[in-house]
Amino acid sequence: MDYNFQSFGICVRKIVLLIYRRNRKMKVFDAHAHIYPAAVAEKAVTSLGKFYDFTPDGRGTTDDYIESSVAAGCEGFLILGVATNARQTPAVNDFIADFIGESRNNGFDAYGFMGINQDIPDIESEVKRSMEKGLCGVKIHPDIQQVDPLDPRLYRLYEILQQLNLPICFHVGDVRPRYRYSEPGKIAKVAKDFPKLRICAAHFGGYSVFEEGRNVLSGLGNVWVDCSSSLWLITPEYAHELIIAFGPDRVMFGTDYPVKYCDDELKRFAELPLAAEERDDILWNNAHKYILGE
């Protein structure tokens, strides 16, 4: 464990959380975030920026994420692992599991999804090992992992997750000349082939192809979406259209940290013309229903 909650004063952080819980009407849950060990965080964030041709706002470290989350009044979060190769998969999952355990001990409503690389020799064993460490779902980034969601190796993963009642989150919507792994239509086929598998199609189901995501993914009974890496790309009016299309009970708030900080995304979210109940669902309730299957 490279993170150190003491480095910014754990007692102060607990007091801040308590104040927010007493005085803030809205509870905030970040349903899409990534963190990295301090030794590789700068490199990881730089690589992410090069891959997408933008500069992430965050540093990618655990301390930076916790500090910024507390400052924004965020009480809970879902950390998503991405396993870019088979060799690093167990280490990625151990790091996230340790962070989630420490975060829960310090007052956060924290959950973690394991990264599963398609090339690991025994997918089922790694899923169950990571479950025992406290992780409760899987994240797949088809473009970074360079794997088609319809790959037979991933279909075996979906079977396992459906049997174990664990959810999965896909990065969706990179439709560029170099990759077409994460087309929304492929995620729609997975959803139809595994109707009991709870799926989050991240970024409104279509980062860079929002309309395509809406057309093929809305209305599927086992699909949720999050609004991470979306609100800064589209107008509030269009974001509201997407929320209505998918259903306010199927949309989750997320930052895609280190891409954006929670406080900035909450300011963008506040611009959306939503009823109080819809805000509560998107900011808190929907994520728990998706993660826990409630």
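According to the numbering used here, the stretch in the sequence shown is residues 276 to 569, in order. Beta carbons are placed, not taken as given, at the ideal position from N, Cα and C, and that holds for glycine. Nothing here was measured: the structure is a model prediction, and the numbers come from that model.
- prompt: Count the other CB atoms within 10 Å of the CB of Tyr454; is the residue buried (16 or more) or exposed (fewer)?
  reply: With fewer than 16 other Cβ atoms within 10 Å, it is exposed.
Boundaries of the alpha helix (DSSP H) in which Gly529 is found, first to last residue: Under the DSSP assignment, Gly529 falls outside any alpha helix (DSSP H); it carries neither an H nor an E label.
- prompt: Would you report the Cα separation of Lys471 and Ile462, rounded to the nearest angstrom?
  reply: The straight-line gap separating the alpha-carbon atoms of Lys471 and Ile462 is approximately 14 angstroms.
query: Apart from the five residues just before and just after Pro511, which ones in its own chain have a Cβ nearer than 6 angstroms to its Cβ?
result: Excluding positions up to five away in sequence, the list reads Glu546, Leu547.
query: Applying the criterion that 16 or more other CB atoms from any shown protein chain within 10 Å of the CB defines a buried residue, is Val315 buried or exposed?
result: By the neighbour-count criterion, in which a residue is buried when 16 or more other Cβ atoms sit within 10 angstroms of its Cβ, Val315 is exposed.
- request: To the nearest angstrom, report how far apart Gly625 and Cys444 are at their CA atoms.
  value: What is shown of the chain runs 276 to 569, which leaves residue 625 out entirely.
- request: Kindly confirm or deny that the region 492-508 and the region 464-483 touch, where touching means at least three C-beta pairs closer than 8 angstroms.
  value: Yes: the two stretches touch, three or more of their Cβ pairs being nearer than 8 angstroms.
C-beta atoms of Arg473 and Tyr386 nearer than 9 angstroms: Cβ atoms of Arg473 and Tyr386: not closer than 9 angstroms.
message: Quick check for students: name the residue ranges of the beta strand (DSSP E) that lie wholly in the region 460-522, counting only runs of 3 or more.
response: Runs found: 474-476, 498-501.
task: State the DSSP-derived secondary structure class of His416, mapped to helix, strand or coil.
output: In the three-state DSSP reduction, His416 falls in the coil class, being neither helix nor strand.
message: Short of 6 angstroms in beta carbon distance, which residues of its chain neighbour Ala562, apart from the five on each side in sequence? Order them along the chain.
response: Correct list, in chain order: Phe304, Ala306, Met527.
Proximity winner among Asp338, Arg543, Gly390, Asp397, relative to Ile419 (alpha-carbon distances): Restricting attention to Asp338, Arg543, Gly390, Asp397, the CA atom closest to the CA of Ile419 is found in Gly390.
- prompt: Opposite Asp305 in the DSSP bridges: which residues?
  reply: DSSP output for Asp305 lists Phe352 as bridge partner(s).
task: Report, in whole angstroms, the separation of the C-beta atoms of Gly488 and Val447, which I expect to be a contact under 8 angstroms.
output: Correct: roughly 6 angstroms between the Cβ atoms.
query: Of the residues Asn560, Asp556, Val534, which one's Cα is nearest the Cα of Gly335?
result: The alpha carbon of Gly335 has as its nearest neighbour, out of Asn560, Asp556, Val534, the alpha carbon of Val534.
Ala602, DSSP secondary structure in three states: Residue numbering for the chain in the displayed model covers 276 to 569; residue 602 lies beyond these limits and cannot be assessed.
- prompt: Buried or exposed: Ser344, going by 16 or more other Cβ atoms within 10 Å of its Cβ?
  reply: Counting the other Cβ atoms within 10 Å of the Cβ of Ser344 gives 16 or more, which makes it buried.
message: Give me the residue from Arg554, Asp449, Asp539 with the minimum Cα distance to Tyr327.
response: The shortest C-alpha separation from Tyr327 is found at Asp449.
message: Using the three-state DSSP reduction, which class does Phe326 fall into: helix, strand or coil?
response: Collapsing the DSSP output to three states places Phe326 in a helix.
query: Given a threshold of 16 other Cβ atoms within 10 Å of its Cβ, counted over all protein chains shown, does Arg297 qualify as buried or as exposed?
result: With a pLDDT of 41 at Arg297, under the threshold of 50, the predicted position of this residue should be treated as unreliable, though the coordinate-derived value follows. Arg297 comes out exposed.
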